Every structure is written in structure tokens, then in C-alpha cells.
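Protein chains in written order, with full-length UniProt numbering: chain A, 1 to 343; chain S, 1 to 343; chain F, 1 to 343; chain Y, 1 to 343. Even glycine gets a Cβ: it sits at the ideal position worked out from N, Cα and C. Only a predicted model underlies this, so the values are computations on that prediction, with no experimental measurement involved. Structure record follows, encoded as C-alpha cells.
4 protein chains.
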Amino acid sequence: MIIVMKSSAGRKELAEVKKRIRELGYKPHVIHGTTRNVVGAVGDERGKAVLQTLQTLPGVESVVPILKPYKLAGREVKPEPTLVEIVPGLVVGGEEFVVMAGPCSVECESQILETARAVKAAGARLLRGGAFKPRTSPYAFQGLEEEGLKLLALAREETGLPVVTEVVNPRDVELVARYADVMQVGARNVQNFALLKMLGQLDKPILLKRGMSTTIQEYLMSAEYILAEGNRRVILCERGIRTFETATRNTLDIAAVPVLKNQTHLPVIVDPSHATGHAHLVPPMCYAAAAAGADGLIVEVHPHPEDAASDGPQSLRPEDFRQMMTRLAAFTDAAGRTLNGAD
Amino acid sequence: MIIVMKSSAGRKELAEVKKRIRELGYKPHVIHGTTRNVVGAVGDERGKAVLQTLQTLPGVESVVPILKPYKLAGREVKPEPTLVEIVPGLVVGGEEFVVMAGPCSVECESQILETARAVKAAGARLLRGGAFKPRTSPYAFQGLEEEGLKLLALAREETGLPVVTEVVNPRDVELVARYADVMQVGARNVQNFALLKMLGQLDKPILLKRGMSTTIQEYLMSAEYILAEGNRRVILCERGIRTFETATRNTLDIAAVPVLKNQTHLPVIVDPSHATGHAHLVPPMCYAAAAAGADGLIVEVHPHPEDAASDGPQSLRPEDFRQMMTRLAAFTDAAGRTLNGAD
Amino acid sequence: MIIVMKSSAGRKELAEVKKRIRELGYKPHVIHGTTRNVVGAVGDERGKAVLQTLQTLPGVESVVPILKPYKLAGREVKPEPTLVEIVPGLVVGGEEFVVMAGPCSVECESQILETARAVKAAGARLLRGGAFKPRTSPYAFQGLEEEGLKLLALAREETGLPVVTEVVNPRDVELVARYADVMQVGARNVQNFALLKMLGQLDKPILLKRGMSTTIQEYLMSAEYILAEGNRRVILCERGIRTFETATRNTLDIAAVPVLKNQTHLPVIVDPSHATGHAHLVPPMCYAAAAAGADGLIVEVHPHPEDAASDGPQSLRPEDFRQMMTRLAAFTDAAGRTLNGAD
Amino acid sequence: MIIVMKSSAGRKELAEVKKRIRELGYKPHVIHGTTRNVVGAVGDERGKAVLQTLQTLPGVESVVPILKPYKLAGREVKPEPTLVEIVPGLVVGGEEFVVMAGPCSVECESQILETARAVKAAGARLLRGGAFKPRTSPYAFQGLEEEGLKLLALAREETGLPVVTEVVNPRDVELVARYADVMQVGARNVQNFALLKMLGQLDKPILLKRGMSTTIQEYLMSAEYILAEGNRRVILCERGIRTFETATRNTLDIAAVPVLKNQTHLPVIVDPSHATGHAHLVPPMCYAAAAAGADGLIVEVHPHPEDAASDGPQSLRPEDFRQMMTRLAAFTDAAGRTLNGAD
């Protein structure tokens with residue numbers, strides 16, 4: 001932590017800052033500048049928000065943190081990439097570029113079975129589908145809940161595809177965990193710390209989506225909540241951030257992929273469906289994600305987007321998904337990754 | 001809902017759109033333009049996300065909603081302002097400009113009692129204080145939990161100030177409700193719909209903070225979740241939104257006050273502490289809130305900001321709070337509101 | 001400047017950084033931390049972007065500037081407020097709260113004369129009106145150019161109100177200066193450095209609007225461009241920044257007022273018309289600006305908003321402006337400022 | 001244009017709106033809804049900001065534009081892609097993926113010659129380099145001006161690479177045009193309409209960068225300024241937008257590439273250097289741009305980034321650029337584009 005003194009601060013204010021730094025368990029180290037002094041507080045500052053309070057002392061202009069606030073999520077602690085095993089033979093973060101696909105919401109048996117078969121045939125390795133849906137409107141379809149989970153399990157039985165599905169309420173963690181292979185935390189819950197803590201105690205991979213206004217650093221702190229509880233199988237997912245631009249539903253922060261890969265050992269996938277909100281923009285963003293170094297994708301696919309209970313406009317039809325997967329292979333090749341071939 | 005057709009769309013596409021509108025229970029109404037056609041879908045579109053799927057039909061360029069998506073929160077359904085009674089004689093949304101104040105976190109008995117006495121003496125009408133703290137870092141102070149709630153109850157007993165405190169986990173709603181007079185939903189939980197639904201079933205006022213990247217419309221939809229469950233005592237709170245500017249912790253969207261007052265009958269208060277992040281910016285934002293037409297404030301006050309377990313830099317000292325309240329009276333007067341006088 | 005080393009950096013990298021700091025004319029000062037070292041570069045770093053290049057050296061994680069990059073605009077160099085005299089007896093930044101008002105564009109003689117008389121009668125002290133209009137669309141009305149300037153001069157002659165008007169092209173600076181009392185730089189030109197430099201050589205007050213995505217620091221650097229050329233009469237103007245919120249045209253960053261007043265000695269006014277985009281939101285934002293400590297306002301007024309060539313929806317009618325001014329007096333009183341009374 | 005009436009609006013207000021629509025030269029067409037009426041104004045609304053003023057009439061809730069405001073820039077007017085010829089045999093927007101590279105600023109003869117040779121050898125097709133530099137600080141290096149242009153011309157003579165360089169002042173257009181093959185408009189000047197109009201009268205390709213807070217629609221309107229003056233050779237360039245995220249200098253809006261390709265016939269390239277601000281993030285963003293369907297790149301390369309007068313941290317060293325180009329080929333192949341081979 002660096003404490004920047006005001007140019008008007010005198011010896012007394014400086015002495016007070018040094019005293020306070022010592023009281024908090026750090027060692028002060030002053031650099032006398034030409035127009036102002038700065039004081040380094042030497043010691044491990046992580047998690048000690050309390051150092052920020054130095055800002056309230058007279059003569060202090062600002063307090064600048066030096067260390068990254070996360071530990072377990074960082075490359076410094078663990079330089080080698082984390083390989084998250086979903087089921088034997090299926091790993092996210094390794095050589096394979098892993099595609100997850102399926103409808104926004106599970107709607108009925110035929111819908112989920114038809115989609116599961118189609119995405120499997122095209123090369124998807126996991127089936128996505130929402131049973132508990134966080135919807136902006138209380139009047140919108142809220143998901144089939146446990147009935148939806150059962151249908152996902154049925155689709156898994158039929159196709160062999162492991163299942164990723166969202167949990168929104170700490171109360172439902174146990175229920176969802178009975179059915180899901182990967183537990184998804186949606187963008188709106190990225191700082192639902194009660195939920196994150198419970199998931200940290202689970203022995204199951206977690207797909208943690210970035211929030212729509214979460215900085216990279218805050219995002220890694222959310223991952224840290226899960227890691228700190230003991231669950232090390234966290235998959236990150238860039239899904240677009242909120243900006244002034246309205247041509248797309250969100251703005252896909254594609255540079256977040258290499259930024260994250262640089263700062264953390266956790267795998268990073270991309271959700272081009274929520275990022276763009278328009279089906280015709282999904283394929284180019286799939287290719288861009290592979291090119292940028294992502295470890296995989298999660299893509300919305302619906303057999304009849306015009307009838308979808310949610311997110312129809314951003315869902316690919318099975319045929320479009322198949323074509324995207326075919327073209328995708330050239331990009332994952334170029335990126336030095338393997339892609340599961342279509343049947 | 002207005003469906004805008006592409007200029008290249010022909011009769012067949014138009015017929016398909018009309019057919020589909022009818023199937024969904026609306027009446028289509030075509031306007032033939034000079035370069036393209038638009039189709040109105042007449043009927044109550046609220047809550048029917050399904051109309052958005054028309055966007056997936058061939059020849060459709062975009063789908064533009066016309067109705068506001070909320071019902072119960074809107075002025076059209078209930079033109080007169082909602083008066084939220086906290087305890088007999090204390091109403092938010094009426095003539096009185098109501099100030100809530102207290103520390104970010106409850107830390108110990110002496111801290112909360114000292115603060116409660118000081119803010120009461122200066123004219124505050126409710127005591128704020130966090131017992132369950134949603135913190136970005138898992139290593140930061142997470143609140144005293146039930147012990148904190150008990151200390152708040154003690155301070156209420158001693159000063160007579162009703163208590164507003166945050167709940168973050170649906171599991172804790174019942175517990176917090178046993179102690180709190182007003183249940184606070186923090187910015188990070190504004191779209192924690194599981195929590196909102198539970199609070200909608202409570203017979204207690206809810207202070208619902210705007211999220212840091214929540215639009216006005218989404219914000220009112222979150223209020224709608226509570227209202228739709230039957231709890232009509234919702235207080236809104238503008239607390240700053242996330243923008244590119246880093247000089248302040250968030251950007252106080254002061255115009256949100258008249259925008260909200262125009263669209264909804266619910267009372268609107270302002271949180272200048274989280275909005276700015278710096279104590280010296282809090283008083284001018286308090287005055288601006290009163291001038292903009294807010295119904296009150298929620299302000300962080302700490303007897304010793306330099307020792308605060310959280311949010312020290314943005315907390316007013318009791319003496320600064322007292323001075324702010326003294327100056328505030330002139331602004332609430334100018335706004336035609338009354339302010340509880342200091343002792 | 002603080003150079004943060006990577007935790008993996010060794011002695012050799014550190015030595016290289018120190019050597020480089022010395023070469024650039026600074027004195028290196030190392031703080032040995034528990035997990036990493038940081039190096040202070042002591043010396044006046046302002047304007048020396050070159051120190052940022054230390055970031056390219058091996059072993060360097062980041063480079064953190066300590067000094068504010070502006071000099072002349074800062075409070076540290078000139079603690080007392082700058083009083084900008086417009087004409088004898090009219091000063092912005094002093095005790096008087098100065099209101100500038102008028103139409104977005106000058107359209108014709110009757111429009112500008114009618115408006116000038118009305119805003120003067122209501123207490124405005126300057127007349128605003130655009131002759132050169134920067135419009136998003138090439139097909140929109142681009143202003144009357146010199147003809148507009150002549151009409152402004154006519155209105156000044158008739159009412160005695162000094163005139164503030166925008167200049168968009170360095171080529172037109174001389175022309176506009178022949179007519180204007182205050183030269184306005186619009187939001188889109190806040191980083192049109194060629195224009196700023198020319199205005200810095202003028203002996204005339206400059207009204208410099210903040211850009212829609214300009215940080216406070218960048219904004220002050222733009223003011224510095226004018227000040228550095230010798231013109232010290234710069235008036236700042238917060239007019240809303242671009243955010244994700246679409247309920248208003250821009251988001252009025254009201255906290256920018258005290259932030260700026262704290263960092264600079266230059267006067268700060270507020271433009272509630274462009275900030276909100278809706279006439280009914282303008283009065284509450286005028287009151288909020290006065291309460292937040294602004295030195296004045298610039299408000300769009302049009303006798304017939306429904307016929308305005310530009311910005312009709314955000315223009316007040318003369319009668320609404322008069323009412324606003326009447327209510328405003330109570331807020332400027334509360335803020336300890338005087339307001340020019342209506343006739 | 002669709003005019004949405006308030007639910008409280010009566011027959012009189014509706015009649016007034018219809019009358020006004022007719023006066024403005026449109027045909028009104030009313031759709032009677034269940035809770036409110038909407039009125040379509042049939043006719044070509046482009047460039048007629050004046051319709052927006054309907055918003056000021058009593059009983060009107062909002063005015064929703066239907067047509068895109070640009071004409072010449074749109075796909076509807078010209079469906080086939082525009083091929084911008086730079087010099088005979090070099091076309092942007094065709095089959096070839098065109099890479100432009102060079103230093104941020106031209107600093108001296110050896111620097112620009114060394115860079116020009118290196119980027120040519122690696123496969124670049126144009127040389128970039130700034131002679132007029134728009135810098136945030138008035139104390140930062142402002143460019144070599146005409147001396148810089150001469151050095152660029154020298155480098156062109158020596159290597160055969162056409163030159164792209166920025167113009168910031170309308171006054172310098174003629175001067176820069178004497179040396180440059182492509183005239184660049186920087187992000188800060190995207191709405192410098194005086195400059196755009198002059199460039200529209202030039203017979204030379206224009207590289208128009210997106211502004212940091214320019215929407216796609218505003219961006220195309222800026223292109224329209226150039227096109228409307230007669231110059232049809234406009235190249236667009238996505239270079240990152242300003243958001244809350246600070247891990248990168250800007251946020252590369254990669255989805256803007258397919259969005260633009262869909263709406264306009266103009267070619268679109270990407271600037272990964274300004275978008276990210278960090279050299280190590282540049283190569284993955286180059287690959288992502290190719291994958292997303294861009295027509296080329298403009299990349300900053302400097303032989304000694306640690307000595308660069310500007311933008312050192314985001315400049316690739318020649319060796320890194322060469323490696324990037326080598327890997328890039330696989331991605332342009334996958335995208336069905338050709339890349340100029342290295343020597």
C-alpha cells in the first residue's frame with residue numbers, strides 16, 4: 001500500500017501516518033519527493049481493507065493498493081493452469097476447446113431431447129439448460145424448477161452429455177447439485193456471496209459468469225470466495241459487460257480472455273449469446289473467442305427460437321449451430337486447440 | 001409492441017408476422033411506410049417476453065416495446081404518492097424529509113450506541129448499520145451477523161430510533177425481520193429475485209437500493225417483484241451507478257430522483273456515501289438530493305472513521321454530520337419539505 | 001511515479017529499472033516489500049509521459065503516477081478561486097450565482113430577441129445561442145453561422161446581455177471572437193487541442209464544456225491547454241456524461257461539481273438541458289446544481305420548443321424558465337450565493 | 001417515426017399531434033391500443049430532427065425513430081461491399097486482409113526507416129506514423145508536424161509502403177494530403193464535423209476511427225458526413241470504447257465488427273493497440289479481429305518501445321510483430337482471407 005501525502009502536509013501529519021501504519025502491523029517507509037512525500041506500508045495488505053482508512057487521516061491525499069487482492073485465484077500462487085475435470089475424459093482448461101450448448105430454458109421433454117441430440121451430433125460436449133431462471137420481470141417465465149432438472153437428467157441419460165445448469169438461491173444448492181454436473185452462477189449472482197460460499201463447499205465444478213458491471217479484479221475476488229472454501233474447480237466465463245452501446249445486448253469484452261489467462265490459472269470460456277443478444281452475431285464471436293485464447297464456449301441453441309420461452313432472438317437453430325461448429329474447427333486449429341468432431 | 005419490417009421484406013413475410021401476432025393473442029395493425037412497413041401488435045404486452053421472439057421471423061428488423069413493463073410500480077396505476085409508514089408518526093414519502101444515518105457495519109456496543117445517540121441528536125430519524133455485510137473480498141470483515149442485530153436492537157431501545165439493516169441471504173430473512181424495522185436490499189442484490197420474492201411476503205418496509213448497473217426500468221421491475229407478492233411498502237434509493245469516472249466511487253445519478261418520481265409513486269431517497277466514496281463530497285450531495293426532490297437520505301456516520309471496519313473514507317464524523325444537518329435545513333425548506341430538528 | 005515490480009523480478013531487473021530511472025533524470029528509491037519491491041522515481045513527473053515506458057522493462061508489473069498531471073489548473077499552484085470577469089460588474093466564480101440562458105440555435109431575429117428579453121426579465125445574466133452547430137447528422141440544421149452571430153449581437157444591443165456562443169472550427173475563432181463575449185467549446189471539442197490552443201491565445205473568457213466521456217483529470221488537462229497559452233479566464237461546465245442509462249440523454253455527474261471545486265480554482269457551472277434531454281427534468285437539476293456548489297447554470301430556453309430547429313424537447317418555455325428562476329432563489333440563498341432578481 | 005401517446009391523453013391531444021404531423025409533411029396513422037394510442041408518421045424521416053419536437057406536445061409520452069438516420073453509409077442503399085483502393089493493387093475491403101503498422105509517433109529518420117523496413121518484411125502493407133499528435137497533456141510530445149510527414153514520405157520511397165497518418169486540424173488537411181496516402185481521423189475527432197466535411201471533399205481514402213464513446217449509429221453518421229461531401233473511400237476502424245473496466249486502456253468492442261459489416265458496405269479494420277494499451281494483449285486481439293470478420297488491422301510497432309515518445313507500453317517490438325504475423329496467417333486462412341506473406 002502506498003500512502004500519498006498532500007503537498008501541504010507537514011512533519012506532524014507524516015509522523016501520524018507512520019505511527020498509524022505501525023499500529024496496523026506494517027512497516028512504514030517514506031520516500032521524500034520534490035513536491036510531496038509518499039509512504040510505503042510494507043507487509044501483506046491483502047484482505048485488510050482497514051489500510052484504506054489511512055485516507056481519513058489529515059494530510060493524506062490518497063491510498064494506492066499495490067498487491068492484487070486475491071491469492072488463490074492468482075497466477076503468482078499457482079503458475080500452471082487449472083484443469084477442471086467435468087467427468088472422466090472431459091476437461092476444461094486443457095488442450096480441448098470445450099463447447100457447451102443448449103436452450104436458455106428447459107421447456108419440455110421434446111424440446112430438451114431434440115436440442116441435446118442436435119448439439120451432441122454437432123460436437124457439443126455439455127448440455128446447458130436453465131431450470132431456475134432469474135428474469136427481470138416477475139411476470140416472465142421463471143423456469144420449470146425441479147421438473148426442469150429432471151428433464152436435463154433425462155437428456156443426459158439419453159445422450160451421455162453432462163449437464164450445466166444455473167442455481168440462483170442458496171436454498172436450492174443441494175437440489176440442483178443432485179442433478180447437475182456443473183453448477184452455473186449467473187451474471188446477476190456474481191456477488192451473491194452467500195451463494196458463492198455454499199458452492200465453495202461443494203465437490204462439483206462451478207461455472208462462474210462475470211457480472212455485467214464487474215471489473216476483472218472484482219470478478220477474481222468472487223472466484224476467490226469459492227476457492228477459499230475449498231472448491232478449486234472454478235470455470236470463468238466472459239459474457240459481455242454493460243456499456244453505452246445498444247446495438248448489442250452487452251459488449252463482449254474479448255480482451256478479458258487474455259487478461260484473465262494472464263492473471264489467473266483458472267480456465268476461461270465465452271458466452272457469445274448473452275454478450276450479443278442476436279443470433280447472427282453469435283458465430284463470429286465464437287470464432288473470435290477461440291482466436292483470443294478462450295478454453296471453450298457456452299452457446300444458446302433452440303430448435304424453434306420463434307417459440308422460445310426466453311432468449312429466442314439470441315438462440316441459434318440446430319442447423320446454424322452445426323455450421324458454426326464446422327467453421328469453428330479451423331479457428332481452434334489455428335489456436336492450437338482440438339475441437340470435438342461432429343458425428 | 002411495434003414490429004419494424006426490413007425494407008426488403010415482402011408480402012409473404014408481412015403475412016407471416018401478422019399471423020404470428022394473432023396466434024400470440026394480439027391484433028396486428030399495419031402501417032405502410034414509404035421505405036418499409038411497421039406492424040403494431042395491439043393488446044397488453046406486459047410480461048409477455050414472448051413477443052420479442054417475433055424478431056426471429058424472416059423480414060423482421062426489430063421489435064420495439066411501447067408499454068412500460070411494470071404495472072404496480074407505475075404512476076399510471078396509482079397516481080398518488082405512496083406513503084411508507086415506518087413506525088407510527090414516521091413516514092417516508094410525505095412532507096417530512098427523512099434522514100437515516102449510522103455506521104456501515106455494526107462493530108461493537110460502544111460504537112453503535114455512540115453513533116445512535118449522535119445521529120439522533122443531530123436529527124436523524126432512523127439508525128442504519130450492517131450486520132450482514134456483502135464484501136468484495138472473502139478476507140474482509142463480513143459483519144457480526146445476529147450479534148450485530150442484537151446491538152442494533154439495543155441502540156433502538158436506548159434511543160427510540162427505528163433500525164434499517166441489510167439482508168443478503170433468503171435464509172436470513174426471518175432472522176433479520178425479527179430485529180429490523182426496515183429491511184435493506186443492497187445494490188448487489190437488486191436482481192436477487194429469490195430474496196425479493198421473500199421480502200414481498202413480509203409485512204415490513206423494504207429499502208431497495210438501485211444496483212450499480214441497473215437501468216431505471218430494470219430497477220422498477222425489481223420493485224415490482226416485491227409489490228407483486230403483496231408488500232406495497234417499498235422505498236427506492238439511488239446510490240450511484242458505475243461509469244468510466246474514477247474520481248468518485250460511483251457516479252450519483254441525481255436526475256434519477258425526478259425520473260423515478262415521475263414514473264413511480266414509490267418514495268425515493270439518496271445514499272451520498274456509497275455514491276461518492278469520500279466524506280468531503282457527502283454534504284454537497286445531501287443538499288443536491290434535497291434540491292432534486294428526494295424524500296430523504298441514508299448517510300454513513302462513524303465516530304472514528306480511521307478505525308472503521310469498512311467504508312471509513314466515506315463516513316462522516318458525528319460533528320460533520322451535525323453540521324451537514326444544520327445546513328441541510330435551508331435546502332429542505334427551499335424544497336418545501338420539513339426536516340426533523342436537532343435536539 | 002511508483003514502479004511496481006513483479007514478485008518474480010530479481011536483482012538484475014531491479015537494477016535495470018533503477019538505471020533507467022536515473023537516465024530519465026529522476027532519483028530511484030526502492031521499498032523492499034514482503035512479496036515484491038516497489039521503486040519510487042523522485043522528481044517532477046508531470047508532462048513526462050516517458051516514465052510510462054518503464055512499463056516495457058522486464059520485471060515491471062505496473063507504473064503508478066503520483067502527481068496530478070496538470071499544473072496551472074490545480075489548487076496547489078493557486079489556492080484562491082479564479083474570478084472570471086465577463087464584462088464589468090459580471091463575474092463568474094464569485095458570490096453571484098450566474099445564469100446563462102437562451103435557445104440551442106439562433107434561428108431568426110424574432111426568436112432570439114423574444115428569448116433574450118424573456119430570459120433577461122427572469123434574471124438571466126448572459127444570452128446563449130448557437131450560430132455554428134455541431135450536429136450528429138449532416139442532414140440536420142447546421143446553424144446560421146455569421147448571420148447568427150449578428151443576430152446575437154443585435155440581441156445584446158437591445159437587452160444589454162453579454163453573449164456566449166460556440167466555436168467549432170479553429171478557422172472561425174477570429175470571426176466568432178468579433179461577436180462573442182464568451183467563447184464556448186462544446187463537449188465534442190473538449191479534446192480538439194488545435195482549437196484549445198487558439199483559444200488560449202485569445203483575451204476573452206472561455207466556457208469549456210466537459211466531454212461526454214472525459215474523466216475529471218482529462219478535463220482539467222484540456223483546461224490546461226488554454227491556461228498554458230496564457231488565457232486564464234476559463235469557466236468549466238458539467239453537462240452530463242455518457243453511461244448505460246437511457247432514461248436521460250446523458251447522466252448529470254453532479255458530484256463533479258465539488259470534485260472540481262476541490263481540485264481546481266476555476267469556476268464550475270452546470271448545463272442541465274444537455275444533461276437530461278427533457279424539459280421537465282431541467283428545474284430539479286438547476287436546484288441540485290446550486291445546492292452542490294456550482295457557480296452558475298447554462299439553460300436552454302425557446303419561445304416555441306415545438307418549432308425549435310434543435311433540442312426542442314429539452315428547452316424550457318420562457319414561462320417555465322421564469323418559474324424555475326423564482327424557485328431557484330431559495331436554493332442559491334441556502335447555498336450562500338446571490339441570484340440576480342427578476343425585473 | 002412512432003409517436004407514443006400517454007395513457008391519459010384524450011381526443012384533443014391526439015388531434016393536435018395528427019395536425020402537427022401533417023404540417024411537417026408526413027401522413028399520420030393512428031393505432032388504437034388497449035391502454036394507449038400510438039401514431040405513425042409516414043414519410044422519409046431521415047435528417048428531420050424536427051419530428052423529435054413532437055415530444056413537446058401535450059399528451060405525448062415519447063417519440064421513437066424507425067428509420068436508420070444514415071443513407072449513403074447503409075447497406076440498404078448499396079448492398080455490395082465498398083472496395084477502397086489505396087494504391088493500384090492494394091485494396092481494403094476485398095479478399096486481402098490488410099495490415100497497417102508502424103510507430104505511434106514519427107520520432108526521427110532512423111526510427112521510422114528501421115520500423116518501415118521491419119513491418120514490410122513481416123507482411124505489413126501500409127506504414128502508419130503520427131506527425132500531428134493529439135495528446136491529453138499540453139506538456140507531452142506533440143509530434144514533428146511537417147518534418148514528420150517528410151520522414152514518412154522518405155520511408156515510403158525507401159520501402160514502397162503507402163503511408164497512413166493523422167490530421168487533427170482542418171487547416172492542415174491540404175498539407176497532410178500532400179504526403180499521405182490515407183488520411184486518418186483519430187478517435188477524438190470522430191465528431192469534428194468541420195474536419196470531416198473537408199475530408200469529404202478530398203480525393204483520398206479516409207481512415208475514420210470510432211470515438212471512445214461513439215455509438216455505432218453516431219459513428220456511421222460521422223462517416224455519412226464524409227460520404228455526403230462526395231468522398232466514398234472511407235475505412236472504418238474499431239479501436240475500443242470507454243467503459244468502467246480499467247484492466248485495459250479501452251474495451252475492444254469486437255462485436256462492432258459484424259454489427260458494422262451488417263449495417264454498412266464500408267470496410268472495417270481493428271486497432272488492437274489503442275484498444276488494449278498493453279503489448280502482450282495485442283496479438284490475441286489481432287487474431288480475434290481476423291476471426292470476427294475484420295478487413296484488416298492497424299498495429300503500433302516501435303523498434304525500442306522503452307524509448308518511445310508516446311504509447312510505448314502498447315507497441316510491439318518488430319520481432320513480436322513478425323511472430324504475430326506468422327501466427328495470424330492461420331486465422332486469416334480460417335476466415336477465408338489472404339494475408340500478404342512475409343519476405
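Span of the alpha helix (DSSP H) holding residue i?
i, result
"residue 274 of chain Y", "272-276"
"residue 150 of chain A", "146-159"
"residue 28 of chain S", "Counting along the chain, residue 28 of chain S falls outside any alpha helix (DSSP H), though it belongs to the beta strand (DSSP E) covering 27-32."
"residue 216 of chain F", "216-228"
"residue 198 of chain F", "193-200"
"residue 282 of chain S", "282-292"
Under DSSP, the beta strand (DSSP E) around residue i begins and ends at which residues?
i, result
"residue 323 of chain A", "Note, residue 323 of chain A: premise wrong, no beta strand (DSSP E); alpha helix (DSSP H) at 318-334."
"residue 97 of chain F", "96-102"
"residue 261 of chain S", "Looking at the DSSP string, residue 261 of chain S is not in any beta strand (DSSP E); the run it does join, the alpha helix (DSSP H), is 256-263."
"residue 163 of chain Y", "163-166"
"residue 299 of chain S", "296-300"
Using DSSP with H/G/I as helix, E/B as strand and the rest coil, what is residue i?
i, result
"residue 234 of chain A", "strand"
"residue 110 of chain A", "helix"
"residue 23 of chain F", "helix"
"residue 37 of chain F", "strand"
"residue 136 of chain F", "coil"
"residue 178 of chain A", "helix"
"residue 43 of chain Y", "coil"
"residue 312 of chain S", "helix"
May I have the straight-line CA-CA distance separating residue i from residue j, to the nearest angstrom?
i, j, result
"residue 267 of chain A", "residue 125 of chain A", "16 Å"
"residue 1 of chain S", "residue 275 of chain Y", "37 Å"
"residue 66 of chain A", "residue 220 of chain Y", "42 Å"
"residue 176 of chain F", "residue 37 of chain S", "46 Å"
"residue 282 of chain Y", "residue 61 of chain F", "17 Å"
"residue 224 of chain F", "residue 277 of chain Y", "24 Å"
"residue 200 of chain F", "residue 112 of chain F", "29 Å"
"residue 122 of chain F", "residue 239 of chain F", "22 Å"
"residue 291 of chain F", "residue 104 of chain F", "25 Å"
"residue 11 of chain Y", "residue 228 of chain Y", "42 Å"
Please identify the residue among the options whose C-alpha is closest to the C-alpha of residue i.
i, options, result
"residue 235 of chain S", "S:272, S:98, S:116, S:29", "S:98"
"residue 207 of chain Y", "Y:215, Y:181, Y:123", "Y:181"
"residue 27 of chain S", "Y:26, Y:200, Y:32", "Y:32"
"residue 30 of chain Y", "Y:313, Y:224, Y:40", "Y:40"
"residue 271 of chain Y", "Y:259, Y:296, Y:247", "Y:296"
"residue 120 of chain A", "A:162, A:249, A:231, A:327", "A:162"
If residue i and residue j are in contact, beta carbons under 8 Å, what's the gap, nearest whole angstrom?
i, j, result
"residue 102 of chain A", "residue 129 of chain A", "5 Å"
"residue 132 of chain S", "residue 309 of chain S", "That pair is no contact at about 13 Å."
"residue 59 of chain F", "residue 13 of chain F", "3 Å"
"residue 331 of chain Y", "residue 331 of chain A", "7 Å"
"residue 316 of chain S", "residue 254 of chain F", "The pair is not a contact, with the Cβ atoms about 18 Å apart (cut-off 8 Å)."
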